[in-house]
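For reference, the structure is listed below as structure tokens.
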Amino acid sequence: MFDKKEQINRVSDLERLSAIGQISAGIAHEIRNPLTSVKGFLQLMQKEHESSYWEIINSELEQAISTVQNLLSVSKPETNEENFTVVNLCEILENTLSLFDHEMYRVQVEKRFYNTSSKIFGKRNQLKRAIFNLLKNAYEAIEGNGTITVEHYRSNDVVCISISDTGKGIPSDKLSQLGTPFFTTKTDSGTGLGLSQVYSTFHEHKATIYVDSTENQGTKFTIRIPTTDRLESHEQMKPVFDKTMDVRQFFEANRQLFNRSLEIEAQNSFEIVASLKFVSTQDLLDHANQILSLVHDGMTQEIIQLAQERGIAWAKSDVPIMTKMEWFYALRKVIWSLLRQYHLAAGITPEEVFDLSERINDALDNFIIQFNVVFTKYRDGVIKSKQAIIDELTVPIIPIYNQIAVLPLIGTLDEMRIHTIEEKMLEEIEKRNIQKVFIDMSGAALTSADVFLKIVRIIEGINLLGCQAVVTGISAKLAKIILDLSETVKDKLVVESTLQQALLKASYSGSEM
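Using the UniProt record's numbering, the first residue of the sequence shown is number 1, and each one after it goes up by one.
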């Protein structure tokens with residue numbers, strides 16, 4: 001895979017990083033524990049002694065703890081719990097480059113992507129962070145205008161990426177120190193931990209890093225990552241088959257191939273679900289095998305029941321419905337792939353193939369339809385219940401005393417909201433036998449004169465119920481709108497300047513008490 005010189009360089013780099021890592025990890029542990037204790041005692045002191053310096057002290061302490069934590073993460077990367085998965089480095093490069101769009105005005109990016117479908121097994125998030133750090137360094141190395149060139153290609157059994165810039169370059173005597181924690185070529189800032197993370201991540205992926213740099217001309221990082229045995233072994237996996245097997249037995253014998261294929265095809269779905277901590281990867285695989293078992297047995301009622309259970313569970317989560325649809329698509333694709341291999345191995349007739357595929361398709365379609373129906377129904381129910389709460393808050397009729405109430409209208413009043421107010425208000429007035437209601441407009445904003453005409457219509461409805469409506473809190477802007485209306489409309493209004501004055505007047509009026 002690598003020539004002898006590359007292997008020697010790689011072993012040398014690993015030994016250097018390993019030694020540095022052990023020392024760094026030891027130092028970091030020794031520093032982090034007392035820093036954490038200091039932080040705890042400072043928090044206790046802060047409650048007893050006031051000072052304007054606490055904010056500065058806490059900020060500096062947090063920065064120190066963060067630096068130590070970063071040092072630990074790059075010196076002992078194996079402690080990261082992230083699992084290896086199929087990774088397309090081209091996608092990571094594209095997505096990470098988009099984070100630097102704000103630099104487009106000064107830095108031109110040239111992309112030379114070849115063999116874009118090539119994949120490796122790796123820790124996606126670690127690789128994202130490493131590529132981000134490399135690109136960040138490239139942008140920061142360019143003072144003023146410049147160019148960054150990003151390449152991706154495959155050479156035999158190695159995937160190569162390179163990031164080069166036209167920046168200030170790195171002195172030749174400093175190149176051997178790259179990747180060492182706290183070594184940096186930046187004069188104003190920088191801890192050197194970014195490149196340490198780059199080196200530790202790629203070495204964990206059995207990659208080789210080459211750096212070519214010339215002062216005042218630029219720097220080029222080239223990373224050569226081998227396609228791992230795990231990916232190749234999956235691509236070369238052949239299904240287990242025996243002539244005595246029926247289709248169900250064939251799938252059971254090839255469960256490992258089924259699970260691995262589903263993980264690859266539904267990679268995005270697995271990642272989203274895992275990030276939201278809804279269910280684990282193993283849970284999703286168990287669900288898939290449960291569905292497959294019911295499909296083979298043709299247990300229609302059990303399929304419907306499982307689909308309804310899973311539909312409600314997914315509807316209660318924050319997982320988008322499209323994520324589940326992608327998962328269903330991947331599940332169907334993997335099943336069809338194994339069916340094809342069973343057909344080729346078993347040599348069954350075309351009629352048997354069509355009959356088998358129709359039965360499996362019908363069962364899968366039934367599951368998906370039932371899942372979507374329950375999922376949508378549950379989500380709609382949640383939306384309706386929240387809308388009911390919103391409607392209740394939209395018309396907050398507040399009883400005051402002796403069949404007198406207040407309706408404070410707050411916020412923008414559009415036609416839809418006015419319609420809700422009309423329905424709720426008339427119902428409440430009738431139910432509570434309210435004789436007088438003060439409609440306070442001081443916090444309301446009207447979208448048009450037509451909206452106020454609808455409010456006048458509500459007032460007419462209130463009067464028809466034997467209740468008097470009094471409008472308060474009319475602003476100068478609203479007064480101008482009312483002036484443009486006809487005299488007939490104005491005559492229908494009973495107005496008081498403010499709600500406070502109106503309530504005070506009502507309290508003095510014995511006839512209205």
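Glycine is no exception: its CB is placed at the ideal position from the N, C-alpha and C atoms. Predicted model, so just to flag it, every value in this text is computed and none were measured.
{"Item": "So, helix, strand or coil for D491, using DSSP?", "Value": "helix"}
{"Item": "Using the C-alpha atoms, what's the distance from I368 back to Q332?", "Value": "Here residue 332 turns out to be Arg, not Gln, going by the sequence shown. Spanning the two alpha carbons is a distance of roughly 11 Å."}
{"Item": "Among A449, A130, S51, which residue has its Cα nearest to the Cα of G122?", "Value": "A130"}
{"Item": "Could you tell me the alpha carbon to alpha carbon distance between T412 and L93, rounded to whole angstroms?", "Value": "45 Å"}
{"Item": "With burial defined as no fewer than 16 other Cβ atoms inside 10 Å of the residue's Cβ, what is the status of T300: buried or exposed?", "Value": "exposed"}
{"Item": "With respect to the alpha helix (DSSP H) encompassing E252, which residues constitute its N-terminal and C-terminal limits?", "Value": "247-253"}
{"Item": "Mind checking Q197: buried by the 16 CB within 10 Å criterion, or exposed?", "Value": "buried"}
{"Item": "Decide if D440 is buried, meaning its Cβ has at least 16 other Cβ atoms within 10 Å, or exposed.", "Value": "buried"}
{"Item": "Going by the DSSP bridge assignment, what does C160 pair with across the sheet?", "Value": "Y153, R224"}
{"Item": "Select from F452, G473, E358, G461 the residue whose C-alpha is nearest the C-alpha of P408.", "Value": "G473"}
{"Item": "Please go through the UniProt domain \"STAS\" (394-506) and give each complete alpha helix (DSSP H) segment of 4 or more residues, from N-terminal end onward.", "Value": "415-432, 449-464, 476-483, 487-491"}
{"Item": "Is K206 helix, strand or coil by DSSP?", "Value": "coil"}
{"Item": "Report the residue ranges of all alpha helix (DSSP H) runs contained in full by the segment 279-307; include only those spanning at least 4 residues, in chain order.", "Value": "281-297"}
{"Item": "One question on the structure: do I120 and I225 come within less than 9 Å of each other, judged by their Cβ atoms?", "Value": "yes"}
{"Item": "Mapping the DSSP letters down to three states, classify F113 as helix, strand or coil.", "Value": "strand"}
{"Item": "Provide the residue span of the alpha helix (DSSP H) that contains V273, from first to last.", "Value": "267-275"}
{"Item": "Measuring only the C-alpha atoms, how far is V74 from V273?", "Value": "Unreliable placement is indicated for V74, whose pLDDT of 47 sits below 50; the coordinate value is still reported in the next sentence. If you take the alpha carbons of V74 and V273, they lie about 27 Å apart."}
{"Item": "Between K220 and S155, how many whole angstroms is the CB-CB distance? I'm expecting something under 8 Å.", "Value": "At roughly 16 Å, the Cβ-Cβ gap does not stay under 8 Å, so K220 and S155 are not in contact."}
{"Item": "Alpha carbon to alpha carbon, how far is W327 from N83?", "Value": "20 Å"}
{"Item": "Compare the C-alpha of S337 against each of P171, K492, V247 and name the closest.", "Value": "V247"}
{"Item": "Taking the C-alpha atoms as reference points, what is the distance between G218 and I170?", "Value": "8 Å"}
{"Item": "Under the three-state reduction of DSSP, which class applies to Q217: helix, strand or coil?", "Value": "coil"}
{"Item": "Report the rounded CA-to-CA distance for M322 versus S200, giving the unit in angstroms.", "Value": "36 Å"}
{"Item": "Mind reading off the beta-carbon distance from L262 to P239? Whole number of angstroms is fine, and I expect it under 8 Å.", "Value": "The Cβ separation is near 14 Å, so there is no contact."}
{"Item": "Exposed or buried, N254, counting other C-beta atoms within 10 Å across all chains shown (16 or more means buried)?", "Value": "buried"}
{"Item": "Pull up the distance between the alpha-carbon of K490 and that of E415, whole angstroms please.", "Value": "20 Å"}
{"Item": "Under the assumption that I410 contacts G381 (Cβ atoms under 8 Å), give the Cβ distance between them as a whole number of angstroms.", "Value": "Contact doesn't hold; Cβ gap of about 28 Å is too wide."}
{"Item": "Cβ of I304 within 9 Å of Cβ of Q370?", "Value": "yes"}
{"Item": "So what's I369 in DSSP terms, helix, strand or just coil?", "Value": "helix"}
{"Item": "Is it buried or exposed, E427, if we count other Cβ atoms within 10 angstroms and call 16 or more buried?", "Value": "exposed"}
{"Item": "Going by CA-CA distance only, name the one from M325, I398, F452, A476 that's closest to R417.", "Value": "F452"}
{"Item": "Tell me whether I312 sits in a helix, a strand or coil according to DSSP, three-state version.", "Value": "helix"}
{"Item": "Residues in the same chain with beta-carbon distance under 8 Å from A445, minus the five sequence neighbours each way, listed in chain order, please.", "Value": "G411, T412, L413"}
{"Item": "Residues bridged to I120 by DSSP?", "Value": "V87"}
{"Item": "Tell me whether V211 sits in a helix, a strand or coil according to DSSP, three-state version.", "Value": "strand"}
{"Item": "Using only the alpha-carbon positions, how far apart do F113 and Y53 sit?", "Value": "52 Å"}
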